[in-house]
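>
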Amino acid sequence: DTEVTQTPKHLVMGMTNKKSLKCEQHMGHRAMYWYKQKAKKPPELMFVYSYEKLSINESVPSRFSPECPNSSLLNLHLHALQPEDSALYLCASSQGTGKSPLHFGNGTRLTVT
Amino acid sequence: GDSVTQMEGPVTLSEEAFLTINCTYTATGYPSLFWYVQYPGEGLQLLLKATKADDKGSNKGFEATYRKETTSFHLEKGSVQVSDSAVYFCALSVTNFGNEKLTFGTGTRLTIIP
Numbered sequence: 001d002t003e004v005t006q007t008p009k010h011l012v013m014g015m016t017n018k019k020s021l022k023c024e025q026h027m028g029h030r031a032m033y034w035y036k037q038k039a040k041k042p043p044e045l046m047f048v049y050s051y052e053k054l055s056i057n058e059s060v061p062s063r064f065s066p067e068c069p070n071s072s073l074l075n076l077h078l079h080a081l082q083p084e085d086s087a088l089y090l091c092a093s094s095q096g097t098g099k100s101p102l103h104f105g106n107g108t109r110l111t112v113t
Numbered sequence: 001g002d003s004v005t006q007m008e009g010p011v012t013l014s015e016e017a018f019l020t021i022n023c024t025y026t027a028t029g030y031p032s033l034f035w036y037v038q039y040p041g042e043g044l045q046l047l048l049k050a051t052k053a054d055d056k057g058s059n060k061g062f063e064a065t066y067r068k069e070t071t072s073f074h075l076e077k078g079s080v081q082v083s084d085s086a087v088y089f090c091a092l093s094v095t096n097f098g099n100e101k102l103t104f105g106t107g108t109r110l111t112i113i114p
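From first to last, the protein sequence lines stand for chains A and B. When you line the first sequence up against the numbering used here, it's residues 1 to 113, in that order. When you line the second sequence up against the numbering used here, it's residues 1 to 114, in that order.
Structural data, given as structure tokens:
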């Protein structure tokens, strides 16, 4: 069982919809991440939060908006997405020491129609 | 920049065969190295890690040694099982101004046939 919980598992949305992905961890980790993974590709980093502050934005389009309400929760707000944004979105957390591994959730499979 | 080069797949082996998946890296500073495994329909799971040169990570019969002189972190297992079928990612982590970034290789799909 994963210690990082993501909801929903699957999401289908139209290009005009607004939706949110949610992620929760209770391991006391100080860093949380959003990754995007296309089929048969490695995960690509989108955002990093450290101590609830956005520390890395990998030039992600503004139609993706992250939010970290507290140290256990991480959201990704979606608006006006394109079909090419369809992918597996993975949340992860870590102690943030540079030597600590990331713990991944099982992801949200997003389809944009 | 930092990068990871991983053995191209897919790799198909018979059960109980010996497995090697090659991984080499380029990094500034002193990275930590990881192997992650992804089963169908799931997220990534940490398989093993090594944080400094000559460290050996091991888990579930898998091993990898951090070789600074050859900048390598090859994954090995002596006798694979059908349940080992998955995609394996080599990755490195470097801390930059207090932020850590995980850089992945392209992944190697492994299929074990009975």
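By construction, the Cβ of each residue, glycine as well, lies at the ideal position given by its N, Cα and C atoms.
1. Going by alpha carbons, who is nearest to residue 32/A out of 70/A, 7/A, 42/A and 108/A?
2. Determine the contact status of residue 88/A and residue 25/A, defining contact as a CB-CB distance below 8 Å.
3. Output the distance between the C-alpha atoms of residue 15/B and residue 40/A, rounded to the nearest integer angstrom.
4. What are the residues of the region 43-74 of chain B that lie near chain A, defined by any Cβ-Cβ distance shorter than 9 Å?
5. Could you tell me which residues DSSP pairs with residue 95/B in its beta bridges?
6. With a cut-off of 8 Å, does the C-beta of residue 78/B fall near any C-beta of chain A?
7. Tell me which residues share the same chain as residue 10/A and place their Cβ nearer than 6 Å to its Cβ, disregarding the 5 neighbours each side in the sequence.
8. Is there a Cβ of chain B sitting closer than 8 Å to that of residue 104/A, yes or no?
9. Ignore the nearest five residues each way along the sequence and tell me which others in residue 3/B's own chain have a CB closer than 6 Å to its CB.
10. I want to know whether the region 35-44 of chain B touches the region 69-85 of chain A - three or more CB-CB distances under 8 Å.
11. Name the chain A residues that come within less than 8 Å of residue 107/B, Cβ to Cβ?
12. How would you list, in chain order, the residues of chain B whose beta-carbon sits under 8 Å from the beta-carbon of residue 90/A?
13. Could you compute how far the alpha carbon of residue 47/A sits from the alpha carbon of residue 83/A?
14. Is it true that the CB of residue 87/B sits closer than 8 Å to the CB of residue 67/B?
15. In chain order, what residues of the same chain have a beta carbon less than 6 Å from the beta carbon of residue 44/B, not counting five sequence neighbours either side?
16. Does the beta carbon of residue 45/A come closer than 8 Å to any beta carbon on chain B?
17. Distance, Cα to Cα, residue 7/A vs residue 69/B?
18. Around the C-beta of residue 28/A, are 16 or more other C-beta atoms found within 10 angstroms, so that it is buried, or is it exposed?
19. Counting only C-beta atoms, is residue 14/A closer than 8 Å to chain B at any point?
On the basis of the supplied data:
1. Closest in C-alpha terms to residue 32/A, from the list 70/A, 7/A, 42/A and 108/A, comes 70/A.
2. No. Outside cutoff.
3. Taking the straight line from one Cα to the other gives about 24 Å.
4. For the region 43-74 of chain B, residues whose beta-carbon sits nearer than 9 Å to a beta-carbon of chain A comprise 43, 44, 45, 46, 49, 51 and 52.
5. Looking at the DSSP assignment, residue 95/B forms a beta bridge with 100/B.
6. no
7. Here the set comprises 109.
8. Yes, residue 104/A counts as interfacial toward chain B.
9. 26
10. With the cut-off at 8 Å, the region 35-44 of chain B and the region 69-85 of chain A do not touch.
11. 40, 41 and 42
12. 43 and 44
13. Rounded to the nearest angstrom, the two C-alpha atoms are 21 Å apart.
14. no
15. 36 and 38
16. yes
17. 43 Å
18. exposed
19. no
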